[in-house]
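Residue numbering for the sequence shown follows the working numbering, beginning at 16 and increasing consecutively. We treat Cβ as the ideally placed atom computed from N, Cα and C, and that holds for glycine. Working notes, structure below.
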Amino acid sequence: MKKIMLFLLLVFLFNSCEKECVPHEYNRSLMTDASKEYLDVTKRNVSFLNQNQEEVVISFEQGDISIKKFDAGDDEGCGYFTVESGEQLFNFGNYRGKFEIGQSSLSISISNYVSYNFNVLDSNGKEFNDVTESLELNGFTFTNVLVLPNINTDENSIWDINKIIYSKNNGIEFILFRDGKWLKQIK
């Protein structure tokens, strides 16, 4: 009987000695108002011309900007990270795309279920306005734009979009495909 009582006492002691969980935020990564201006979350259709002067329409779905908490995976299970980000889905032809923006990164992933394209700009903590550039590409001049190169270009991957030119006022302005074909937004 003493052994049973000792066993029950030990079980009770070990089960009641849990650490108290005090929620705490490790990091808060919120977007600046200037960064939010780079995402037009409205549902819309945008017309583009290709290299053959044929019209292609990109349909943007309703997007959103939200704040989410993510478990930090610490020992107590009480820590979290707070992240604000925006996203918007779009379609054109056989392609399905996703636009994502955070505090200092902007990415566009586009797939046609055969190739997967991942075009990214990481501003290294700078505001997007501070990393815009002006350039000429395929005979077109672009001013105050962000250039998103494809980061998925190793010899074993299947990709077909070389770079995307993006601006605060117009969104996707130009898509250059690996084979030299392109789409340019009609303004």
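Sequence-distant residues of its chain with Cβ nearer than 6 Å to residue i (five each side left out)
i	result
SER138	SER119, VAL146
GLY140	SER119
ASN132	ILE125, ASN165, TRP174, ILE176
ARG193	ASP175, ASN177
GLY117	SER100
TYR41	ALA87, GLY94, PHE96
LYS84	TYR95, THR97
ILE82	GLU99
LEU198	PHE63, ASN65, VAL71, ILE190
Residue i versus residue j: straight-line alpha-carbon distance, rounded
i	j	result
GLU99	ASN109	30 Å
ILE180	GLU35	51 Å
GLY112	MET46	22 Å
ASN67	ALA87	50 Å
GLU70	PHE143	30 Å
LEU163	LEU136	5 Å
GLN77	PHE105	9 Å
PHE155	ILE123	21 Å
SER74	ASN167	24 Å
PHE114	ASP89	30 Å
Identity of the residues DSSP links to residue i by a beta bridge
i	result
ASP194	None, per the DSSP bridge assignment.
ASN60	SER74
GLN66	Looking at the DSSP assignment, GLN66 forms no beta bridge with any residue, so it has no partner.
Boundaries of the alpha helix (DSSP H) in which residue i is found, first to last residue
i	result
SER119	Where SER119 is concerned, there is no enclosing alpha helix (DSSP H), given that its DSSP letter is neither H nor E.
LYS51	48-51
Contact set for residue i: own chain, Cβ-Cβ below 7 Å, skip 5 residues either direction
i	result
ASP55	GLY186
ILE201	SER62, PHE63, LEU64
HIS39	CYS93, GLY94
LYS196	ASN65, GLN66
VAL37	CYS93
VAL129	ILE173
The beta strand (DSSP E) enclosing residue i, as first and last residue numbers
i	result
LEU163	155-164
ASP204	Lying outside 16 to 202, the shown extent of the chain, residue 204 is not represented and no answer is given.
TYR95	94-107
LEU150	148-152
LEU136	131-137
ASP86	79-86
TYR128	Taken as a continuous stretch (DSSP letters only), TYR128 belongs to no beta strand (DSSP E), as it is neither H nor E.
GLU40	39-44
ILE176	176-182
Own chain partners of residue i with C-beta closer than 8 Å, once the 5 adjacent residues on each side are dropped
i	result
PHE157	SER149, LEU150, GLU151, ILE180, SER182, GLU188, PHE189
ALA49	GLU142, PHE143, ASN144
Within-8 Å CB hit, residue i to chain C
i	result
VAL98	The structure shown contains no chain C, having only a single protein chain.
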